[in-house]
Structures are given as structure tokens and as C-alpha cells.
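Trainee: Take this structure first; my questions come after.
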């Protein structure tokens, strides 16, 4: 019933009198909007042009992804499409035909687009998601006015995979993180080097030992009482000298 309420709120300003005529069907006691009619003969296929040719369409978080809804009206009357909704479903587990609903696709106004009976129409739109990177089944529902009633058109399920955007080297957040990391690394390296490394690299100062100088001995000749050293004079010369002195 939640989808009916949202659809009624969105389509009332879009379709004016057509939607207002449905207002008379509101139960005043319960305050609920009229139920949606299922337009089974309005066929819709969902295409993501950027993923065309792939089995799984890619949606990037925070990035608007183009999507196209190819509508073929096989109903006997005109249908006017003015809103869309849906949901992201988890992949079904074993023995399950449908996975659990993970997140609703925000119901928003589009168009309005009028598709006459027997005609085909291509609706272009953009989707923006913020979901965990994984695989989902996307089920889109188009809402519109058909014969003064609110009709729903099931666009079927499309296999999609959600990815995070690639990180750019010029991303300001990444640059800030790199600067903080670099400063932290430099500070830590300086602390460790000055505290633990440098003390082992500095040369040890050797204590100076005072060397005792040997007592200097006087050099030269030690004279005797005669005034000269006789040790180097030949003995024969000394005898001659003493004999000469006696003759005198």
C-alpha cells in the first residue's frame, strides 16, 4: 500500500483531473489511496546504454548512470507515464525464486510521457545509487495514468553490479591523506633515528693518556779536570804528551 500512496501523491499534480477523479475512491475512514491497476499489456524493457552488450549492467556509486525504458503500449487506450519507482533485490539463494528486498529505488516524477495505443516510446532517465559494491537484481516499476486510473507497469528485473568510483590521483581527499601520512612517517623516522640510531653511529672519543717524557740526558762531551775528554785520544799520544811535559 506504500507504493500506492507514493504514486498517488506524485501523480496527482502531474495528471490533474485524471488523478483527482481517483480521489473519490479514497476510503475516508481508512485514509488510503486507491489501489494500482496492473497494465500487463504495456511492455517495458530496461537498457543501460553504457553497459550494452554485457550480461550485467554496471552502476557506479555517486555517479549518474544513463538508463532507457523502451515502452510499447499494447493496451486499447493511451497511457501517460509520470513516475517511476522500484527496488534493489539481493541475489536469490538456493531454492529461492526471488531474493530479499535490499533497498527501495526512490520514487520520482518523470515526464509525463504519453504513449498511444500501438505505439512505442523511448524514455531516457538517469539513476544515481549509493549501495555496497555487490550484485543486485534491479526491478523498475513505471507509474502512469490509464483511463483515469493509476496504473503500474512492471519493467522486469535487470541484473546489475554496483561498483565504487575509481580513485583519482588528483582527488583532494587522497592528497590530504598522502600529506598526513608523509608527515607522520617523516616525524616517526626522525624520532627513531635520533633516539636509537645516531648514538651508535657517532665515533667514540678516546681518552687522552698523558705520556711521560723520559728524562733528557745531557748530550755532548763530559770534560775532565783538564778541560777535555781523554777517552777519544789515542793512548800513544797521551804518553807522548806526558813525556814532553816531564822534559820541560
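Numbering (mature numbering (1 follows the signal peptide of the UniProt record, and there is no 0)), first residue to last: -18 to -1, 1 to 230. Backbone N, C-alpha and C fix where the C-beta goes; we use that ideal spot for every residue, glycine too. Computed from a prediction, not measured in an experiment: that's the story for all the values here.
Rounded to a whole number of angstroms, what is the C-alpha to C-alpha distance between residue 177 and residue 169?
Mentor: On the chain shown, position 195 is the one that residue 177 refers to. On the chain shown, position 187 is the one that residue 169 refers to. Approximately 12 Å between the Cα atoms of the pair.
Trainee: Taking only the alpha-carbon atoms, compute the straight-line gap between residue 40 and residue 106 and give it to the nearest angstrom.
Mentor: Taking the chain shown and counting its residues from 1, the one referred to as residue 40 is at position 58. Taking the chain shown and counting its residues from 1, the one referred to as residue 106 is at position 124. Cα to Cα, the separation comes out at about 17 Å.
Trainee: Do residue 113 and residue 144 have their CB atoms nearer than 7 Å?
Mentor: Counted from its first residue, the chain shown places residue 113 at position 131. Counted from its first residue, the chain shown places residue 144 at position 162. Yes, the Cβ-Cβ distance between residue 113 and residue 144 is below 7 Å.
Trainee: List, from N- to C-terminal side, the beta strand (DSSP E) runs of 3 residues or more that fit wholly inside the segment 87 to 120.
Mentor: 102 to 109
Trainee: First and last residue of the beta strand (DSSP E) that includes residue 76?
Mentor: Sequence index remark: in the chain shown, residue 76 carries index 94 (1-based). Taken as a continuous stretch (DSSP letters only), residue 76 belongs to no beta strand (DSSP E), as it is neither H nor E.
Trainee: Roughly how many whole angstroms lie between the Cα atoms of residue 163 and residue 42?
Mentor: Along the chain shown, one-based indexing puts residue 163 at 181. Along the chain shown, one-based indexing puts residue 42 at 60. Computed Cα separation, rounded: 28 Å.
Trainee: Kindly indicate which three-state DSSP category residue 29 falls into: helix, strand or coil?
Mentor: On the chain shown, residue 29 is found 47 positions in, with the first residue counted as 1. Three-state DSSP puts residue 29 in a strand.
Trainee: Since residue 102 and residue 21 should fall inside the 8 Å C-beta cutoff, what is the C-beta to C-beta distance between them, to a whole number of angstroms?
Mentor: Along the chain shown, read from residue 1 onward, the residue named residue 102 stands at position 120. Along the chain shown, read from residue 1 onward, the residue named residue 21 stands at position 39. Actually they are not in contact, since the Cβ atoms of residue 102 and residue 21 sit about 15 Å apart, beyond 8 Å.
Trainee: By DSSP, does residue 133 sit in helix, in strand, or in coil?
Mentor: Residue numbering aside, residue 133 sits at position 151 when the chain shown is read from its first letter. Strand.
Trainee: Enumerate in chain order the residues of its own chain whose CB-to-CB distance from residue 139 is below 8 Å, with the five nearest sequence positions on each side excluded.
Mentor: Translated into positions along the chain shown, residue 139 becomes position 157. Result list for residue 139: 71, 119, 120 and 121, in chain order.
Trainee: Could you pull the DSSP bridge partners for residue 82 from this structure?
Mentor: Position 100 of the chain shown, counted from the first residue, corresponds to residue 82. None; residue 82 has no bridge partner.
Trainee: Take the Cβ of residue 179 as the centre, count every other Cβ of all protein chains shown within 10 Å, and call the residue buried at 16 or more, exposed below.
Mentor: Working through the chain shown from its first residue, we reach residue 179 at position 197. Classification for residue 179: exposed.
Trainee: Here's the rule: buried if 16 or more other CB atoms are within 10 angstroms of the residue's CB, otherwise exposed. What is residue 129?
Mentor: In the chain shown, residue 129 corresponds to position 147, counting from 1. Residue 129 should be labelled exposed.
Trainee: Can you tell me the Cα-Cα spacing of residue 11 and residue 18, whole angstroms?
Mentor: Counting from 1 along the chain shown, the entry for residue 11 is found at position 29. Counting from 1 along the chain shown, the entry for residue 18 is found at position 36. Its pLDDT being 46, under 50, residue 11 is placed unreliably in this model, and the value from its coordinates should be taken loosely. Cα to Cα, the separation comes out at about 19 Å.
Trainee: Hey, residue 57 and residue 104 are a contact pair by Cβ (cut 8 Å); roughly how many whole angstroms apart?
Mentor: Taking the chain shown and counting its residues from 1, the one referred to as residue 57 is at position 75. Taking the chain shown and counting its residues from 1, the one referred to as residue 104 is at position 122. Contact doesn't hold; Cβ gap of about 18 Å is too wide.
Trainee: Verify whether the separation of the beta carbon atoms of residue 235 and residue 87 is less than 7 Å.
Mentor: Nothing about residue 235 can be read from this structure; the chain reaches only from -18 to 230.
Trainee: So, is residue 159 buried or exposed, given that buried needs 16 or more other C-beta atoms within 10 angstroms?
Mentor: Indexing the chain shown from 1 puts residue 159 at position 177. By the 10 Å Cβ count, residue 159 comes out exposed.
Trainee: From the DSSP output, in three-state form, read off residue 61 for me.
Mentor: As a working mapping, residue 61 is identified with position 79 in the chain shown. Strand, per DSSP.
Trainee: Within the same chain, show all residues whose beta-carbon is closer than 7 Å to that of residue 111, passing over the 5 residues directly before and after it, in chain order.
Mentor: Indexing the chain shown from 1 puts residue 111 at position 129. Closer than 7 Å at the Cβ level, and outside the excluded window around residue 111, lie 41, 43 and 144.
Trainee: To the nearest angstrom, report how far apart residue 172 and residue 74 are at their CA atoms.
Mentor: If you number the chain shown from 1, residue 172 lands on position 190. If you number the chain shown from 1, residue 74 lands on position 92. Each residue's Cα considered, the two are about 55 Å apart.
Trainee: Would you mind stating whether residue 24 and residue 132 have Cβ atoms separated by less than 7 Å?
Mentor: On the chain shown, residue 24 is found 42 positions in, with the first residue counted as 1. On the chain shown, residue 132 is found 150 positions in, with the first residue counted as 1. At a Cβ-Cβ threshold of 7 Å, residue 24 and residue 132 do not count as neighbours.
Trainee: Within the same chain, show all residues whose beta-carbon is closer than 6 Å to that of residue 97, passing over the 5 residues directly before and after it, in chain order.
Mentor: On the chain shown, position 115 is the one that residue 97 refers to. Result list for residue 97: 53, 55, 61 and 103, in chain order.
Trainee: Can you confirm whether residue 100, when its beta carbon is compared against all beta carbons of chain C, has any partner nearer than 7 Å?
Mentor: Of the protein chains in this structure there is only one, and it is not chain C.
Trainee: Hey, how far is the Cα of residue 7 from the Cα of residue 35?
Mentor: By 1-based counting over the chain shown, the position of residue 7 is 25. By 1-based counting over the chain shown, the position of residue 35 is 53. With a pLDDT of 49 at residue 7, under the threshold of 50, the modelled position of this residue cannot be trusted; read the value that follows with caution. If you take the alpha carbons of residue 7 and residue 35, they lie about 45 Å apart.
Trainee: On the three-state DSSP scale, how would you describe residue 126?
Mentor: Working through the chain shown from its first residue, we reach residue 126 at position 144. DSSP, reduced to helix, strand and coil, places residue 126 within a strand of the structure shown.
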